[in-house]
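Numbering (our numbering), first residue to last: 23 to 220.
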């Protein structure tokens with residue numbers, strides 16, 4: 023059986039993929055390699071039952087042109103991009119650089135650090151619930167515990183939900199409500215750019 027067809031979702035009749043891109047970019051630290059979001063969308067559109075890909079990603083108003091160009095490139099893949107302005111913190115770029123170094127060091131020591139971000143949990147949950155009657159299942163690229171309730175609703179309605187993630191970054195609340203967990207690192211077949219140590 024071809025590698026990609028070993029996944030249950032190839033039996034589905036109608037799927038929508040929901041990608042929390044900020045969440046996914048954090049996976050790269052665990053994977054120790056960078057993925058191409060363009061390859062992810064190509065791979066998803068290669069699944070005949072995928073009718074729609076929805077990418078949730080913030081708009082950086084401090085680097086507006088760069089951010090808008092990235093969103094436009096995402097749209098050119100055929101994906102629907104859901105966006106809103108990123109909330110800015112109180113620190114300048116130099117302070118962020120130093121904080122990033124400190125956070126990386128603390129994470130290596132096993133200390134969990136929360137960071138501010140552009141959060142799309144509510145939008146994603148509402149979109150999942152709004153589309154529930156027109157799909158046989160969803161592909162969720164997020165390990166966020168806030169997705170538990172919409173996944174429970176899907177399950178109660180007899181819909182399947184496939185949660186994509188990486189080890190250690192999928193909330194324990196999602197395990198009992200997902201139809202199947204799919205290791206993103208094994209599923210992804212696009213280019214993998216190894217991360218270099220800084």
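Ideal Cβ positions, reconstructed from N, Cα and C, are used throughout, including at glycine.
Using a Cβ distance threshold of 8 Å, residue 77 and residue 43 count as a contacting pair. Comparing alpha-carbon positions, the option among 88, 75, 40 lying closest to residue 99 turns out to be 75.
The stretch 80 to 88 makes no contact with the stretch 50 to 58, as fewer than three CB pairs between them are under 8 Å.
When Cβ pairs closer than 8 Å are counted between the two stretches, the stretch 150 to 160 is seen not to touch the stretch 121 to 132, the count staying below three. Ranked by Cα distance from residue 35, the first of 126, 55, 161, 210 is 161. Taking all protein chains shown into account, residue 119 has fewer than 16 neighbouring C-beta atoms within 10 Å of its C-beta and is therefore exposed. Linking residue 195 to residue 179 through their CA atoms gives a straight-line distance of about 19 Å.
Distance from the CA of residue 211 to the CA of residue 29, rounded to the nearest whole angstrom, comes to 14 Å. For the options 104, 163, 168, 97, the alpha carbon positioned closest to that of residue 204 is the one of 163.
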